[in-house]
Each structure stands twice: as C-alpha cells, then as structure tokens.
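Using the numbering used here, read the sequence shown as starting at 16 and increasing by one per residue. By construction, the Cβ of each residue, glycine as well, lies at the ideal position given by its N, Cα and C atoms.
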Amino acid sequence: MKKIVILALIGLMAQLIDGSLGMAYGVTSTTLLLMAGMSPAIASASVHLSEVVTSAVSGYSHFKFGNVDLNIVKKLVIPGAVGAFIGAALLSSIPASLVKPYISVFLLGLGVYVVIRFLFMNLSVGGENEKKQEKKRLFYRPLAFAAGFLDASGGGGWGPLTTPILLTQRHLSPSKVIGSVNFSEFAVSLSASVAFFLFIGWEALYWQIVLTMMVGGIIAAPFAALLVKKLKPAVLGVLAGGLIVLTNLKTIAQEFFSVSLFTEVRFLLPLLAVWALMLVLAIRKKTQ
C-alpha cells in the first residue's frame, strides 16, 4: 500500500509540475523509475503509457481554461508523434545520454533568456506582422520532431525542449505555450506507447506502476491548468525559466564536472536564493 501511495504521489507531483510549467513529467517520473532499478526502455514505456491518460486530461483542462492555441498544436502534433515513434523504436540501440549534456548547455542558455525576457523585458504579445510570425513558425515542425524523438528515446524531453524555445517567441504568451505543449503531448505519448508495445511487448510493462501514476496525474491535471490561467506571465516565465536553468545545470555539472549539484549545499543554496529573488521581483512586477 505504501508503494502505491508513493507512486501516486510521484504521478501527482510530476503532472502538477508538467501541467503548470509545461515540462518535467517524463524527466521526473523516468528518473525516479530508473533509480528504482528499471531498464531505460521499460521506464520510458511505463511513463509514456501513463502520460497517454494524464496528458489527455491535462490537455482538455488547458483547453477549457483557454490556454491552448490550436494553430501551434497543429504544427506540433504530427512531427512530434513521428519523432516519438522513431525514438521509441531506436531506444535500445541509440545512447541518448551521449547528446544529453550538449542539449543541456543549449537549454541552459534558453532558460536564462526566458527569465530575463519575462522579468525585465516587455511582455506584450503580438505587434508583429503575419509574415514575420509565419517565418518563426517554420521551425515548429523540426522542433516538434526532435523533441518527440528525445522524449521517447531519453524518457523525457518533449516539454523541456519545446516549452523553453516557444517561450522565447515574442508573439506567444506563457499560458498559451504551456497549454499548447501539454495539449500536443497526448499524441506524442500515444505514438511512443504504440512503438514500445510493438518492440518490447505488453507483458514487459509494470501495470501497477502505470495505473497508479495515471491516478495521481489525473488528480493534478485540472489544478495545474487552473494555476497557469491564474498566475501572472512574469511569474510563469520565471518559474519555467528557473526550472530549466536548475535541471540543466544539474546535468552539466554531473556530465562535465562529476559534481552532484543538488547534493552540494554550497552550490545549490545560492542558486535557489537567486531564483527566489527573481520570483519575488516577478510577483511584484506590474502586469503589462
């Protein structure tokens, strides 16, 4: 019973973070399952199957609260699903960990930019002509393909890759980005799950884990969507940007310097203090 409650809490917390910040369900859940001794393929398959249901509830909740831009969703869904299928199929033969540190460096820079943009720059949405906006949208499809591939092959990556990049687009609000990414995630998770079923079989999955995490995620999804709707753009931007910075700094410190950032108080406390200060400034920032 204790194990079931813990798994449900993992699903609840992962979905609360993912639904409110547009990332981290897969990364959080997969990391904990790997720590429990699961193989990467089984862990990723279990997480993606649970995400089929939780992302459906989350996407619907975001849609009901007006957090979804269907034009963005249309550009993300198909390439994201294709990338996820290929990533799941190749998980056993491609070591995604080889490129993970370099992706983290790229995402770290984006995280810093996201914080600066939403804290110190004008947050007004729009103001660009349709031609300029369309040029920016051309990269949505290759972005979605890469994010879907990394999500399935690395156990997480859809939100961490798509959300920070879309947050840098000046014509998109944080709530629309987070809601659209969550809404699109259903297709990515479903595609990855189908591929995992084809290549590793149904019998290899731990259904108790999948179902328990589903329950926790379903409970959290509507609350996360409401949180996105209620929070100021500056607060959402700093929360998302700070999460991007911390998670990718952890990867960089571990992969390049063999330092466990989250267990080194002398490094972690200053970072958390700066993040807290940024949040205070974001809360006090006047809405633009």
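| Query | Result |
| --- | --- |
| Closest by C-alpha distance to Leu91, when choosing among Ala268, Ser204, Ser44 | Ser204 |
| Closest residue to Lys265 among Ile57, Val192, Pro116, Val67 (Cα-Cα distance) | Pro116 |
| Proximal residues to Phe277 (C-beta, below 8 angstroms), its chain only, five neighbours per side dropped | Lys265, Leu283 |
| Continuous alpha helix (DSSP H) stretch holding Phe211: start and end | 189-215 |
| Sub-8 angstroms separation of Met228 and Ser73 beta-carbons | no |
| Three-pair Cβ contact test at 8 angstroms for the region 121-128 versus the region 184-194 | no |
| Alpha-carbon spacing of Gly232 relative to Ala268, whole angstroms | 30 angstroms |
| Where Val68 falls: helix, strand or coil (DSSP) | helix |
| Euclidean distance between Cα positions of Pro248 and Ala255 | 10 angstroms |
| For Thr183 and Thr69, the rounded distance between their alpha carbons | 26 angstroms |
| Residue from Gly95, Val127, Ala96, Leu105 whose Cα sits closest to the Cα of Val289 | Val127 |
| DSSP three-state assignment for Asn82, whether helix, strand or coil | coil |
| Beta-carbon spacing of Leu64, Ser208 below 8 angstroms | yes |
| Same chain, Cβ closer than 6 angstroms to Val274, neighbours up to 5 away in sequence not counted | Ala268 |
| Reduced DSSP category for Tyr221 - H, G, I as helix; E, B as strand; rest coil | coil |
| Start-to-end residues for the alpha helix (DSSP H) that takes in Gln269 | 248-272 |
| Inter-residue CB distance, Ile101 and Tyr155 (contact presumed, cutoff 8 angstroms) | Between Tyr155 and Ile101 the Cβ distance is about 18 angstroms, and since that is not below 8 angstroms, they are no contact. |
| Distance, Leu246 Cα to Ala71 Cα | 22 angstroms |
| Three-way DSSP call (helix, strand, coil) for Lys300 in this model | coil |
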